[in-house]
Amino acid sequence: MIDLGLRFKAQSDIFSDRMPPEKIRDVLVSELPDAPSGLDAVLSMFAQTVLPLCKNEASPHFVGFGDTGDDPAALAGGLLALLTQQNLINQSFDAPSATFVEMVVLRWLRDLLGYHNAPVSNIQTVWDVGGVITHGGTTSNAVAMMLAREHKAPGTMHVGVVNPNQFGIIVPRGIGHYSVKSALTWIGVGDQAIEVDTHAFRYDLTALERALHEHRDQVMSVVAYAGDSRTQTVEHLRRVYEIVSTADPRIWLHVDACWGLVAAFSDKFRYLLDGITEFDSVTVDPHKVMAVPYSLSALVVRQPASLRTVSSYSDLIMQEDYAFGQVTPFIGTKGWLSLKLWMMMLSHGRAGLAALAEHRVSKARRFAALLDEHPHMLRMHDPDLSAVAFVYLPSNVRPESTVTELEIDWINTVNQGIHDRMLAEGSWYLHQFSLPDDHGRLRAGATLYPFRFMANNPRTGEHHMAEVIDYVTKLGGNLEGELR
Ligand SMILES: Cc1ncc(COP(=O)(O)O)c(C=O)c1O
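Take any residue in the sequence shown, count from 1 to its spot, add 177: that is its number in the working numbering.
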């Protein structure tokens with residue numbers, strides 16, 4: 178089983194086989210047979226029919242997303258967590274040592290971000306730790322929104338939502354992640370995200386001040402991105418903190434640092450996170466930036482005791498000081514997710530984490546330089562971390578002169594066509610999404626559909642970067658000819 182998995186990870190292709198979804202449906206969706214098959218037969222069925230269609234993010238050609246999940250120590254932790262079957266809901270009989278591994282990992286994350294940790298002997302309960310481990314950034318953000326709600330109207334957990342108008346949140350327009358908006362609907366306060374204009378993928382600070390003034394008393398939280406999900410631009414956190422706390426110090430400040438955590442690893446990039454410890458809560462996603470296999474996220478909070486406001490108790494279980502189940506809303510039984518991270522962080526140490534961050538950022542800068550040398554490629558931003566978003570420029574478009582709306586449509590048609598073809602062929606993967614042209618590289622205010630290169634994959638080298646640019650150029654040239 179381990180050989181099968183490792184051979185899969187080590188293969189150079191992203192996919193061994195491609196099929197349209199309906200065909201995969203028809204092959205795989207069948208009735209449960211009466212007769213038992215035995216594990217060997219099941220494994221070989223899996224290897225022949227399911228695995229060839231799986232995507233291999235560790236392929237050096239998979240350059241569009243963060244997670245390669247291939248850190249050896251993290252993989253070892255993942256396997257051992259499966260085999261040891263600890264349940265992080267309780268400490269005493271469910272997770273006697275695992276609970277403290279979870280705690281130490283949260284403390285390391287807090288420390289890297291710059292938050293203060295209480296002396297070990299002062300950790301008397303889970304409310305002294307200052308964070309929780311969850312299954313992903315979406316859950317961590319949802320818990321943060323619950324904290325914001327309880328901060329604004331204490332006791333809403335128990336009495337229900339009264340006067341929903343007070344639970345608005347401010348988010349940056351066009352670059353936020355859907356999870357915080359979804360969280361508002363899940364926690365019952367209504368979908369009331371107030372979108373504020375951005376400039377260069379950060380809040381337009383004048384517009385932020387204006388929004389705070391216009392929506393006085395209606396805002397429970399301001400959300401900032403330390404690495405937005407598209408370009409990984411890191412917000413000017415200290416400026417946002419100063420503006421929000423001046424306007425209304427009661428507002429809960431949340432940072433989504435799912436991507437930005439990586440800046441905390443190196444002295445060279447930590448300045449990007451200046452001000453983060455003034456924020457009330459921070460989401461981080463080690464399964465995005467630390468090559469930790471799915472899934473693992475954490476929410477850390479400035480004041481550890483704030484987690485009391487979203488705690489739940491039961492007389493069946495969790496009646497003990499160190500039971501994490503009390504402070505993880507939405508989650509009951511929870512596997513030992515943190516073991517992967519414990520092993521990964523110990524095996525790298527501080528120096529290894531710094532080297533990982535520096536290697537990724539320098540690779541992203543090299544990719545940006547390759548784009549800049551190429552007549553058909555246009556970079557949409559200056560990379561802060563490891564993401565580089567860019568468009569393919571069709572032959573007749575000149576970015577130095579005024580680009581018309583018609584030309585924007587043409588650029589988008591060609592870029593989306595390239596992406597469709599890339600997905601169908603399956604030999605390379607770059608991510609694609611809508612993006613406001615926030616630097617005005619082509620036409621200020623236009624919505625573009627760029628590609629996104631991500632420098633997280635340790636197997637992607639310089640020649641792969643040149644090859645993927647050639648590949649996009651070739652597809653773009655072919656499409657231009659066909660579509661005209
Ligand atoms: C900025 C940001 N926040 C939150 C999330 C959600 O994280 P997850 O998929 O781990 O739930 C993402 C996912 O891409 C993200 O980019």
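Ideal placement from N, C-alpha and C gives every residue a C-beta, glycine not left out.
Quick one: any contact between the region 185 to 192 and the region 228 to 235, if contact means 3 or more CB pairs under 8 Å? Touching, yes, given that three or more Cβ pairs across the two stretches are closer than 8 Å.
Please report the distance separating the alpha-carbon of Thr-624 from that of Ala-601. Working through the sequence shown from its first residue, we reach residue 624 at position 447. Working through the sequence shown from its first residue, we reach residue 601 at position 424. Taking the straight line joining both Cα atoms gives about 24 Å.
What residue from Glu-577, Ser-578 and Ser-572 has the CA that sits closest to Trp-587's CA? Along the sequence shown, one-based indexing puts residue 587 at 410. Nearest option by C-alpha distance: Ser-572.
Is Trp-513 close to ligand 1? I mean its beta-carbon at under 7 Å from any heavy atom of the ligand. As a first step, residue 513 must be located in the sequence shown, where it is residue number 336. The closest heavy atom of ligand 1 lies 7 Å or more from the beta carbon of Trp-513.
Beta-carbon spacing of Val-282, Leu-518 below 8 Å: The residue labelled residue 282 in the question sits at position 105 within the sequence shown. The residue labelled residue 518 in the question sits at position 341 within the sequence shown. It is a contact, given that the beta carbons lie within the stated cut-off.
Note down, in chain order, each residue of its chain lying with its Cβ closer than 7 Å to the Cβ of Ser-422, except the 5 sequence neighbours on either side. Numbered from its first residue, the sequence shown carries residue 422 at position 245. Nothing listed; no residue qualifies.
Out of curiosity, what's the CA-to-CA distance linking Glu-657 and Val-574? Here the question's residue 657 lines up with position 480 in the sequence shown. Here the question's residue 574 lines up with position 397 in the sequence shown. Computed Cα separation, rounded: 12 Å.
Please identify the residue among Phe-610, Gly-241 and Val-309 whose C-alpha is closest to the C-alpha of Ala-632. Taking the first residue of the sequence shown as 1, we reach residue 632 at position 455. Ala-632 has its Cα closest to that of Gly-241, out of Phe-610, Gly-241 and Val-309.
Considering only heavy atoms of ligand 1 and the C-beta of each residue, which residues fall inside 7 Å, strictly closer? With the cut-off at 7 Å, the residues found are Gly-313, Gly-314, Thr-315, Thr-316, Asn-318, His-354, Ser-356, Tyr-402, Gly-404, Asp-405, Ser-406, Asp-433, Cys-435, Trp-436, Thr-460, Asp-462, His-464, Lys-465, Ser-472 and Ser-474.
Following the continuous alpha helix (DSSP H) through Thr-261, name the residue where it begins and the one where it ends. Residue 261 sits at position 84 when you count from the first residue of the sequence shown. Residues 249 to 261.
Would you identify the three-state DSSP class for Thr-311, choosing helix, strand or coil? In the sequence shown, residue 311 corresponds to position 134, counting from 1. Thr-311 sits in a strand when the DSSP states are folded into three classes.
Do Val-432 and Ala-403 have their C-beta atoms within less than 8 Å of each other? Translated into positions along the sequence shown, residue 432 becomes position 255. Translated into positions along the sequence shown, residue 403 becomes position 226. Yes, they are a contact pair.
When the distance is taken between beta carbons, is Trp-429 closer than 8 Å to Asp-457? For this step, residue 457 is matched to residue 280 along the sequence shown. For this step, residue 429 is matched to residue 252 along the sequence shown. Yes, Cβ-Cβ distance for Asp-457 and Trp-429 is below 8 Å.
Pull up the DSSP beta-bridge partners for Ser-474, would you. In the sequence shown, the residue the question calls residue 474 occupies position 297. Per DSSP, the beta bridge partners of Ser-474 are Thr-311.
Would you list the one or two residues that DSSP bridges to Met-554? Numbered from 1 along the sequence shown, position 377 holds the residue referred to as residue 554. For Met-554, which the question treats as bridged, DSSP gives the partners Tyr-569.
Determine the closest residue to Phe-501 out of Val-459, Trp-304, Asp-549 and Thr-245, with distance taken between C-alpha atoms. Position 324 of the sequence shown, counting from 1, holds the residue named residue 501. Nearest option by C-alpha distance: Trp-304.
Are the beta-carbon atoms belonging to Thr-460 and Ser-317 less than 8 Å from one another? Locating residue 460 in the sequence shown gives position 283, counting from the first residue. Locating residue 317 in the sequence shown gives position 140, counting from the first residue. Cβ atoms of Thr-460 and Ser-317: closer than 8 Å.
From Gly-314 to Arg-661, what does the alpha carbon distance come to, in whole angstroms? Sequence index remark: in the sequence shown, residue 314 carries index 137 (1-based). Sequence index remark: in the sequence shown, residue 661 carries index 484 (1-based). For the pair Gly-314 and Arg-661, the Cα-to-Cα distance works out to about 43 Å.
Environment of Pro-627 [buried if 16+ CB atoms lie within 10 Å]: Counting from 1 along the sequence shown, the entry for residue 627 is found at position 450. When all chains shown are included, Pro-627 counts as buried.
According to the Cβ coordinates, are Val-645 and Trp-605 closer than 8 Å? For the purposes of this step, residue 645 is taken as the residue at position 468 of the sequence shown. For the purposes of this step, residue 605 is taken as the residue at position 428 of the sequence shown. Their beta carbons are under 8 Å apart, which means Val-645 touches Trp-605 by this criterion.
Of the listed residues Thr-650, Leu-652, Phe-610 and Gly-653, nearest to His-354 (C-alpha basis): Numbered from 1 along the sequence shown, position 177 holds the residue referred to as residue 354. With distances taken between Cα atoms, His-354 lies closest to Phe-610.
Can you tell me whether DSSP reads Leu-625 as helix, strand or coil? Looking up residue 625 in the sequence shown gives position 448. It is a strand residue.
Which value, in whole angstroms, describes the spacing of the CA atoms of Gly-307 and Phe-567? Residue numbering aside, residue 307 sits at position 130 when the sequence shown is read from its first letter. Residue numbering aside, residue 567 sits at position 390 when the sequence shown is read from its first letter. A straight line joining the alpha-carbon of Gly-307 with that of Phe-567 spans about 39 Å.
Output yes or no for whether 8 Å exceeds the beta carbon distance between Val-396 and Ile-352. The sequence position of residue 396 within the sequence shown is 219, counting from 1. The sequence position of residue 352 within the sequence shown is 175, counting from 1. No, the Cβ-Cβ distance between Val-396 and Ile-352 is not below 8 Å.
Are the beta-carbon atoms of Asn-294 and Arg-284 separated by less than 8 Å? Indexing the sequence shown from 1 puts residue 294 at position 117. Indexing the sequence shown from 1 puts residue 284 at position 107. Between Asn-294 and Arg-284, the gap from beta carbon to beta carbon is short of 8 Å.
Which class does Gln-268 belong to by DSSP, given the choice of helix, strand or coil? Within the sequence shown, the letter at position 91 stands for residue 268. In the three-state reduction of the DSSP assignment, Gln-268 falls in the coil class, being assigned neither a helical nor a strand state.
CB Thr-505 to CB Val-309, shorter than 8 Å? What you label residue 505 is simply residue 328 of the sequence shown in a count that begins at 1. What you label residue 309 is simply residue 132 of the sequence shown in a count that begins at 1. Yes, they are a contact pair.
Is it buried or exposed, Phe-118, if we count other Cβ atoms within 10 angstroms and call 16 or more buried? Residue numbering for the chain in the displayed model covers 178 to 661; residue 118 lies beyond these limits and cannot be assessed.
Taking 8 Å as the threshold, find out whether the region 368 to 378 comes into contact with the region 317 to 328 through three or more Cβ pairs. Between the region 368 to 378 and the region 317 to 328 there are fewer than three C-beta pairs closer than 8 Å, too few to call the two in contact.
If you measure between the beta carbons of Phe-446 and Leu-533, is that distance less than 8 Å? For the purposes of this step, residue 446 is taken as the residue at position 269 of the sequence shown. For the purposes of this step, residue 533 is taken as the residue at position 356 of the sequence shown. Result no, Cβ atoms of Phe-446 and Leu-533 do not sit closer than 8 Å.
Would you kindly work out how many angstroms separate the C-alpha atoms of Lys-358 and Ala-424, rounded to a whole number? Within the sequence shown, numbered from 1, the residue matching residue 358 stands at position 181. Within the sequence shown, numbered from 1, the residue matching residue 424 stands at position 247. The straight-line gap separating the alpha-carbon atoms of Lys-358 and Ala-424 is approximately 23 Å.
Can you tell me where the alpha helix (DSSP H) holding Met-334 begins and where it ends? The residue you call residue 334 lines up with position 157 of the sequence shown. Met-334 -> alpha helix (DSSP H) spans 333 to 336.
If Leu-493 and Val-278 are in contact, beta carbons under 8 Å, what's the gap, nearest whole angstrom? For the purposes of this step, residue 493 is identified with residue 316 of the sequence shown, where counting begins at 1. For the purposes of this step, residue 278 is identified with residue 101 of the sequence shown, where counting begins at 1. Contact doesn't hold; Cβ gap of about 25 Å is too wide.
Apart from the five residues just before and just after Asp-248, which ones in its own chain have a Cβ nearer than 6 Å to its Cβ? Taking the sequence shown and counting its residues from 1, one reaches residue 248 at position 71. The answer, listed in chain order, is Ala-468 and Met-521.
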